[in-house]
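These notes are about the structure you will find just below.
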Amino acid sequence: MDIGSVQRPSKFAWAAFDAPDRDLADQGTDPATAVAALAAGIDSGRPAILLLESPMAVPVPSTAGDGWQSLGKARDGEGNRPFSAGAGAGVLATGLVQGSWMLRLLAETVPAVTVTTRFAVWHGGDAQLLLGEAFVSGTGKPVLAGSDQHAADAAAAGLAMLDRLDAGEPFTSDVRCAPHGAFNLLAAMACWAGLHLDPDEIRDDILVIRACPALTS
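Going by numbering that gives the first Met the number 0, the sequence shown opens with residue 0, and the numbers climb by one from there.
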């Protein structure tokens with residue numbers, strides 16, 4: 000899901016896939032239809048994954064000694080695109096608002112859904128929905144004609160997730176808050192929204208899937 004302004008022309012886009020099929024199952028440009036599609040899949044009894052293209056866990060360094068000097072530094076794996084830089088900080092704020100809204104709507108639509116940010120919990124069948132982050136960066140690749148950049152990037156994130164699922168375990172995150180502590184924004188938003196999630200996850204690192212941005216030119 001590509002986080003962005005929902006004002007026209009929309010910079011928000013989502014793409015859905017029915018694993019293991021790599022063909023696009025559905026797509027849209029507003030958060031309400033995104034939640035409707037997600038809820039429909041959950042209602043059918045299928046496990047689901049929701050990836051938001053926004054920093055969804057931030058590093059909190061130790062309070063001991065000079066730990067404060069690491070405040071705001073990039074997460075491991077972010078490279079030259081730290082969460083605290085201008086673009087990252089802007090999309091983080093937008094992602095908090097839009098993600099919270101969508102999770103609240105999901106909780107109202109499918110009240111019984113169980114949610115986690117822990118891949119092992121989801122993979123073991125103990126939660127129906129896995130929440131994670133898409134990190135779109137790197138060398139681009141062509142996409143189908145007619146797609147805009149936001150829709151193409153949303154699809155690229157979904158395909159990257161399918162690639163990881165097809166590859167099997169071990170399943171590791173491409174970006175990590177460690178060695179610092181993690182403030183899990185996905186868990187915080189899910190708890191705020193009233194979803195069924197272990198509140199202890201608020202200190203967990205999350206699954207971040209790196210995807211190549213799509214080129215539409």
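Note that the Cβ used here is the ideal one computed from N, Cα and C, for glycine as well. All values derive from a computational prediction rather than experimental measurement.
The beta-carbon distance between residue 55 and residue 205, rounded to whole angstroms, is 6 angstroms. This is short enough to meet the 8 angstroms contact definition. Residue 118 sits in a helix when the DSSP states are folded into three classes. A check of alpha carbon separations from residue 37 across 189, 92, 102 and 85 identifies 102 as the nearest. Listed in chain order, the non-local C-beta contacts of residue 156 below 7 angstroms within the same chain comprise 50, 52, 133, 135, 208 and 210, local neighbours out to five positions each way being set aside. Distance between residue 35 and residue 43, taken at the CA atoms: about 12 angstroms.
Comparing alpha carbon positions, the residue from 95, 75, 109 and 111 closest to residue 186 is 95. Looking from the CA of residue 5, the closest CA among 167, 60, 191 and 93 belongs to 93. Between residue 69 and residue 81, the CB-CB gap reaches or exceeds 8 angstroms. DSSP, read as helix, strand or coil, puts residue 163 in helix. Cβ-Cβ distances below 8 angstroms link residue 31 to 104 in the same chain, with the five nearest sequence neighbours on each side left out; the list follows chain order. When DSSP states are grouped into helix, strand and coil, residue 180 belongs to the strand group. As a beta-bridge residue in DSSP terms, residue 49 pairs with 130.
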